[in-house]
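So the protein lines, in turn, are chains A and B.
Read in this note's numbering, the first sequence has 89 at position 89, and its numbers run on one by one without any break.
Read in this note's numbering, the second sequence has 105 at position 105, and its numbers run on one by one without any break.
Even for Gly, the Cβ is constructed at its ideal location relative to N, Cα and C.
Read through the structure below, which is laid out as structure tokens, and then see the notes.
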Amino acid sequence: EAGVAQSPRYKIIEKRQSVAFWCNPISGHATLYWYQQILGQGPKLLIQFQNNGVVDDSQLPKDRFSAERLKGVDSTLKIQPAKLEDSAVYLCASSPGVSGNTIYFGEGSWLTVV
Amino acid sequence: RKEVEQDPGPFNVPEGATVAFNCTYSNSASQSFFWYRQDCRKEPKLLMSVYSSGNEDGRFTAQLNRASQYISLLIRDSKLSDSATYLCVVRVSGSARQLTFGSGTQLTVLP
Numbered sequence: 001e002a003g004v005a006q007s008p009r010y011k012i013i014e015k016r017q018s019v020a021f022w023c024n025p026i027s028g029h030a031t032l033y034w035y036q037q038i039l040g041q042g043p044k045l046l047i048q049f050q051n052n053g054v055v056d057d058s059q060l061p062k063d064r065f066s067a068e069r070l071k072g073v074d075s076t077l078k079i080q081p082a083k084l085e086d087s088a089v090y091l092c093a094s095s096p097g098v099s100g101n102t103i104y105f106g107e108g109s110w111l112t113v114v
Numbered sequence: 001r002k003e004v005e006q007d008p009g010p011f012n013v014p015e016g017a018t019v020a021f022n023c024t025y026s027n028s029a030s031q032s033f034f035w036y037r038q039d040c041r042k043e044p045k046l047l048m049s050v051y052s053s054g055n056e057d058g059r060f061t062a063q064l065n066r067a068s069q070y071i072s073l074l075i076r077d078s079k080l081s082d083s084a085t086y087l088c089v090v091r092v093s094g095s096a097r098q099l100t101f102g103s104g105t106q107l108t109v110l111p
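Laid out in structure tokens, this is it:
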């Protein structure tokens, strides 16, 4: 079974530029998550989708971050404009349901803002 | 105060040693508990769930103390392949929100 796919794997941008990350969850998984993991910290939830609706985006910095999940399958996370403190790994994850105890992560998109 | 707190380590232990990690959580409404493992530059993966009565999975034993709001993970007979960061994870009761992760405890098993 194919896992969670993410791209690009690595991205280096200058501050104030924009970047977009793409995620394709495991087939059939209704719930999709975007996490931010800063070096030395645990993953922090940015946004959670159930199908194509937002369940929780309380920790998403909405002035610069946006995410969408059109058609309830793949998703895009955008940062515009990027700040130095956005340097992190952006992990996409999926689970079969909204209360799934096991979530499956993709390999992550590594962002460096210089 | 962080919702989930862990000693960051690092823990450096010889092969064959027994090592234990603790984790505390602040929300008494937390209902579900897990340990995830994260290898260097890799994604987190579920290691095991933690049940109220405690549970084992091979060399790994997880315990939960609801009164003191802490969770533990014991690794017996450590292997080199156990070297990783161990993330303590909780879910709050009644919340559709996903899991809240601790910052992780780094373990290095030395030959």
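Using a Cβ cut-off of 9 Å, pull out every chain B residue sitting near residue i, in sequence order please.
i	result
residue 102 of chain A	34, 46, 49
Tell me, which residues are paired with residue i by DSSP?
i	result
residue 84 of chain A	The partner list for residue 84 of chain A (beta bridge, DSSP) is empty, contrary to what the question assumes.
residue 53 of chain A	A:50
residue 90 of chain B	B:33, B:100
residue 128 of chain A	The question about residue 128 of chain A has no answer here: the residues shown for chain A are numbered 1 through 114.
residue 20 of chain B	B:74
residue 27 of chain B	Looking at the DSSP assignment, residue 27 of chain B forms no beta bridge with any residue, so it has no partner.
residue 116 of chain A	Not covered by the structure: residue 116 of chain A. The range shown for chain A is 1 to 114.
Is there a C-beta anywhere in chain A that falls below 8 Å from the one on residue i?
i	result
residue 72 of chain B	no
residue 87 of chain B	yes
Within 10 angstroms of the Cβ of residue i, are there 16 or more other Cβ atoms? Answer buried if so, exposed if not.
i	result
residue 106 of chain A	buried
residue 25 of chain A	buried
residue 38 of chain B	buried
residue 20 of chain B	exposed
residue 100 of chain B	buried
residue 10 of chain A	exposed
residue 31 of chain B	exposed
So with CB distances below 9 Å, who are the chain A contacts of residue i?
i	result
residue 101 of chain B	35, 37, 41, 42, 43, 44, 45
residue 104 of chain B	40, 41, 42
Name the chain B residues whose beta carbon is nearer than 8 Å to that of residue i?
i	result
residue 107 of chain A	42, 43
Can a CB atom of chain B be found closer than 8 Å to the CB of residue i?
i	result
residue 91 of chain A	yes
What do you reckon, is the C-beta of residue i under 7 Å from a heavy atom of the ligand SAM?
i	result
residue 8 of chain B	As for the ligand SAM, it is missing from this structure, which has no ligand bound.
Stretch pair the stretch 25 to 37 of chain B + the stretch 21 to 41 of chain A: three plus CB contacts closer than 8 Å: no
contact_flag[the stretch 39 to 53 of chain B, the stretch 50 to 64 of chain A] where n(CB pairs < 8 Å) is 3 or more: no
contact_flag[the stretch 101 to 111 of chain B, the stretch 76 to 91 of chain B] where n(CB pairs < 8 Å) is 3 or more: A contact exists between the stretch 101 to 111 of chain B and the stretch 76 to 91 of chain B.
contact_flag[the stretch 58 to 73 of chain A, the stretch 11 to 25 of chain B] where n(CB pairs < 8 Å) is 3 or more: no
Three-pair Cβ contact test at 8 Å for the stretch 37 to 50 of chain A versus the stretch 12 to 23 of chain A: no
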